[in-house]
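For what it's worth, full-length UniProt numbering labels the leading residue of the sequence shown as 10, then goes sequentially.
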Amino acid sequence: TRLRVWVSQPLFGDIVGRLREHFDVVETARVGKHSPQDIAHALAGCDGALVTLNDPIGAAEVANAPRLRAIANVGVGYNNLDVSALTAAGVVVTNTPDVLTETTADFGFALMMAAARRITEAERWLRDGQWRQWSFETLLGSDLHGATLGILGMGRIGQGIARRASGFRMRVRYHNRSRLPADVERDCRAEYVDLDTLLSSADHLVLVLPYSPAVHHLIDATALAKMKPTATLTNIARGGIVDEDALAEALASGRLAAAGLDVYEGEPAVNPRLLALRNVVLTPHIASGSLATRRAMVTLAVDNLIAALGHGPDAGRPPTPVNADALAARDAK
Ligand code: GLV
Ligand code: GLV
Numbered sequence: 010t011r012l013r014v015w016v017s018q019p020l021f022g023d024i025v026g027r028l029r030e031h032f033d034v035v036e037t038a039r040v041g042k043h044s045p046q047d048i049a050h051a052l053a054g055c056d057g058a059l060v061t062l063n064d065p066i067g068a069a070e071v072a073n074a075p076r077l078r079a080i081a082n083v084g085v086g087y088n089n090l091d092v093s094a095l096t097a098a099g100v101v102v103t104n105t106p107d108v109l110t111e112t113t114a115d116f117g118f119a120l121m122m123a124a125a126r127r128i129t130e131a132e133r134w135l136r137d138g139q140w141r142q143w144s145f146e147t148l149l150g151s152d153l154h155g156a157t158l159g160i161l162g163m164g165r166i167g168q169g170i171a172r173r174a175s176g177f178r179m180r181v182r183y184h185n186r187s188r189l190p191a192d193v194e195r196d197c198r199a200e201y202v203d204l205d206t207l208l209s210s211a212d213h214l215v216l217v218l219p220y221s222p223a224v225h226h227l228i229d230a231t232a233l234a235k236m237k238p239t240a241t242l243t244n245i246a247r248g249g250i251v252d253e254d255a256l257a258e259a260l261a262s263g264r265l266a267a268a269g270l271d272v273y274e275g276e277p278a279v280n281p282r283l284l285a286l287r288n289v290v291l292t293p294h295i296a297s298g299s300l301a302t303r304r305a306m307v308t309l310a311v312d313n314l315i316a317a318l319g320h321g322p323d324a325g326r327p328p329t330p331v332n333a334d335a336l337a338a339r340d341a342k
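Below is the structure:
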């Protein structure tokens with residue numbers, strides 16, 4: 010009998026269709042957040058699942074899914090998944106690193122530039138009919154070239170942003186849980202500093218660190234108070250890293266010049282205090298959203314799921330597992 014997999018939302022049909030060569034596929038007709046009960050129900054009879062950041066899955070969701078062996082997340086961040094609970098349940102988890110690195114770094118840079126140079130604010134102003142006369146002091150922003158870029162979280166995406174910054178002749182500083190090897194630092198032209206130094210010296214600070222409870226509201230009122238009032242803050246990581254009320258307060262009071270946000274703690278809901286501000290650029294979690302990269306992410310997730318369930322050319326060896334230990338434990342059985 011064929012294995013069964015659940016696809017939690019419509020994804021490129023021509024790519025996801027490859028799953029049908031190996032498995033019975035339970036598709037989902039519409040995009041949306043499923044309730045925990047619906048997720049548990051969908052997983053109950055399945056051997057595998059292709060899911061996105063819309064789908065929180067932990068012990069409760071897999072409790073009645075004895076056959077479940079693999080969850081392929083379409084995304085590099087996987088804080089929607091309780092990996093230790095899934096490992097304990099013998100479920101292999103995979104994500105989609107690498108394929109989105111450069112596209113996401115492009116977007117982080119674009120969002121930072123939009124915040125620094127007030128691009129979306131300027132466009133709204135023009136469309137509102139406020140441009141009656143050219144004036145020398147309209148909508149003045151701050152420079153990227155020659156400025157100090159602070160990168161918090163120096164994984165693949167952070168390094169991609171650093172490499173872009175040298176073309177802008179920025180000075181690059183970073184903070185990370187662990188310091189990069191010297192050759193990588195040299196390649197990125199990036200200098201390691203402690204968190205306080207990063208906060209206080211950055212003209213533009215970009216957040217690219219993975220979310221975990223340990224970094225919940227890492228950027229709170231105290232951290233924001235350490236930043237330069239002329240600085241910008243850009244977040245392409247996860248919303249929960251920033252205390253949004255504290256950020257809104259800093260932006261409203263002039264404690265911080267501008268921000269660019271692609272992620273939100275309660276997304277798709279956006280803090281109304283942020284929506285009311287003109288000096289914040291708000292985008293709907295699209296940093297990896299070029300057509301080519303979104304297709305590459307789904308392709309990698311499909312490859313992972315097929316391999317994790319023991320099919321295809323990489324049977325048993327999914328290309329990008331998150332919990333290789335679950336794989337080893339399962340194979341040892
Ligand atoms: C999107 O945020 C991702 O983690 O890929
Ligand atoms: C995160 O995993 C990154 O690639 O920076």
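In this text, a Cβ means the ideal position worked out from N, Cα and C, and glycines have one as well.
Pick from the options: whose alpha carbon is nearest that of residue i?
i	options	result
residue 313	336, 277, 295, 300	336
residue 293	280, 304, 271, 299	271
residue 149	324, 26, 239	239
residue 21	116, 309, 322	309
residue 12	30, 91, 131	30
residue 169	125, 114, 334	114
residue 62	85, 69, 79	85
residue 267	127, 323, 298, 284	127
residue 33	10, 121, 269	10
residue 41	223, 206, 65	65
residue 171	156, 198, 153	198
residue 110	306, 328, 133, 330	306
residue 301	334, 24, 18, 14	24
residue 51	27, 28, 18	18
residue 59	216, 311, 334	311
residue 218	269, 161, 237, 254	161
residue 209	231, 136, 193	231
residue 119	143, 324, 68, 242	242
Nearer than 7 angstroms: is that true of the beta carbon of residue i relative to any heavy atom of ligand 1?
i	result
residue 99	no
residue 297	yes
residue 90	no
residue 62	yes
residue 289	no
residue 120	no
residue 59	no
residue 343	For the chain, the structure presents residues 10 to 342; residue 343 sits outside this window and is missing.
residue 109	yes
residue 294	yes
Kindly indicate the opening and closing residues of the beta strand (DSSP E) around residue i.
i	result
residue 167	Looking at the DSSP string, residue 167 is not in any beta strand (DSSP E); the run it does join, the alpha helix (DSSP H), is 165-176.
residue 215	213-216
residue 224	No beta strand (DSSP E) holds residue 224; DSSP gives it neither H nor E.
residue 186	Taken as a continuous stretch (DSSP letters only), residue 186 belongs to no beta strand (DSSP E), as it is neither H nor E.
residue 13	13-16
Does residue i come out as helix, strand or coil in the three-state DSSP assignment?
i	result
residue 333	helix
residue 70	helix
Under DSSP, the alpha helix (DSSP H) around residue i begins and ends at which residues?
i	result
residue 193	191-197
residue 79	Taken as a continuous stretch (DSSP letters only), residue 79 belongs to no alpha helix (DSSP H), being part of the beta strand (DSSP E) at 79-82.
residue 205	204-210
residue 231	230-235
Going by the C-beta, is residue i closer than 7 angstroms to any heavy atom of ligand 3?
i	result
residue 330	Ligand 3 is not part of the structure shown, which contains ligand 1 and ligand 2 as its ligands.
Whole beta strand (DSSP E) runs in the stretch 24-63 with 3 or more residues, listed along the chain? 33-35, 57-60
Please give the ranges of any alpha helix (DSSP H) in the stretch 237-322, keeping only runs that are unbroken, at least 4 residues long and fully inside the region. If we require 4 residues or more, the alpha helix (DSSP H) runs fully inside the stretch 237-322 come out as 253-262, 281-284, 300-317.
At which residue ranges does the stretch 88-175 contain complete beta strand (DSSP E) runs of 3 or more residues, listed in the order of the chain? The qualifying runs are 101-103, 157-161.
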